[in-house]
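These notes are about the structure you will find just below.
Residue numbers (this note's numbering): 534 to 816.
Here's what the structure looks like:
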């Protein structure tokens, strides 16, 4: 289990960090990566929903999630701009894609879905578009936030990974008090608090390494936000899996489960970090 985790990280982290560092400056590599991740995670989400006995629109939901992610990258002269149109991201492109998703998915259900489960299946289709397409769009927003977008996203990655890693090892060794026994029986308060401290420590390191403004106070606050919100995202994903009766979204990543299982805390942490940086730090 531990060996699989280490091997998966060793294989996946270097290209991830390289793409985050390069961004979309010379080619929309970062946007395409997030779109591919959204497509993969959408298939896992809808597959999990189907295993629970529901019938969401997997293909339309996945395509709309990818379009929604792409709408966050508009205005940068990449293929998504040409595909969707020249909207400004703060002027309505994501909301236009969401409106399309609401209307189109309901129209599709008119033709080949039972009226008995149509409401639930339609709602679950939209849930996937919001949960993945909308949240994952914030990776692009944060990466493009000037002048330190690249550094902010690397900080969120480092703090989230540090939180998960420290919580895992401390929880295994010292965990005695269950955090959420019904939702996620293996998580402990000891591991959770250690994870928060790990996130703060990683944020302090990244602030110092990249000479980000606000050191050390903002590093402590932002690291704490990433640690707490990231673990809430992880618990939220655990709740969905528990409701669907599955342990992992898939077995695609050895030692980690599915891609959706790896993205839960990271997506929530990125949304929270973006709003804190954009609205409070105003860098």
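Beta carbons: idealized from backbone N, C-alpha and C, even for Gly.
For clarity, every value in this text was computed on a predicted model and none was experimentally measured.
- Per the coordinates, the alpha-carbon of residue 711 lies some 10 Å from the alpha-carbon of residue 704.
- Exclusion of the five residues before and after residue 582 leaves 589, 657 and 777 as the residues of its chain whose Cβ lies within less than 7 Å of its Cβ.
- Secondary structure of residue 713 (DSSP, three-state): strand.
- Going by DSSP, residue 697 is part of the alpha helix (DSSP H) stretching over 682-707.
- Only residues of its own chain outside the window of five on either side were considered, and among them 650, 653, 654 and 657 have a CB closer than 8 Å to the CB of residue 587, listed in chain order.
- Between the C-alpha atoms of residue 555 and residue 584 there is a straight-line separation of about 38 Å.
- Residue burial annotation: residue 636 is exposed, with fewer than 16 other C-beta atoms found within 10 angstroms of its C-beta.
- Scanning 687, 573 and 552 for the CA closest to the CA of residue 803 turns up 687.
- Non-local C-beta neighbours of residue 740 in its own chain, meaning closer than 6 Å and more than five positions away in sequence, comprise 748 and 752, ordered along the chain.
- In the three-state reduction of the DSSP assignment, residue 783 falls in the coil class, being assigned neither a helical nor a strand state.
- Cα atoms of residue 684 and residue 676: separation of roughly 8 Å, rounded to the nearest angstrom.
- Residue 606 sits in coil when the DSSP states are folded into three classes, being neither helix nor strand.
- Per DSSP, reduced to three states, the secondary structure at residue 757 is helical.
- Here the alpha carbon of residue 552 sits roughly 45 Å from the alpha carbon of residue 648.
- Annotated three-state conformation of residue 548 is helix, per DSSP.
- Around the beta carbon of residue 547, fewer than 16 other beta carbons sit within 10 angstroms, so the residue counts as exposed.
- Its chain contains 797 as the residues whose beta carbon lies nearer than 6 Å to that of residue 770, once the 5 sequence neighbours on both sides are disregarded; these appear in chain order.
- Ranked by Cα distance from residue 720, the first of 738, 765, 733 and 735 is 765.
- In the three-state DSSP reduction, residue 627 falls in the helix class (H, G or I).
- Its chain contains no residue whose beta carbon lies nearer than 6 Å to that of residue 813 once the 5 sequence neighbours on both sides are disregarded.
- The beta carbons of residue 768 and residue 574 sit no closer together than 8 Å.
- Check the Cα spacing between residue 714 and each of 577, 567 and 775: the tightest is with 775.
- By a beta-carbon distance limit of 8 Å, residue 760 contacts residue 729. Their separation comes to about 4 Å.
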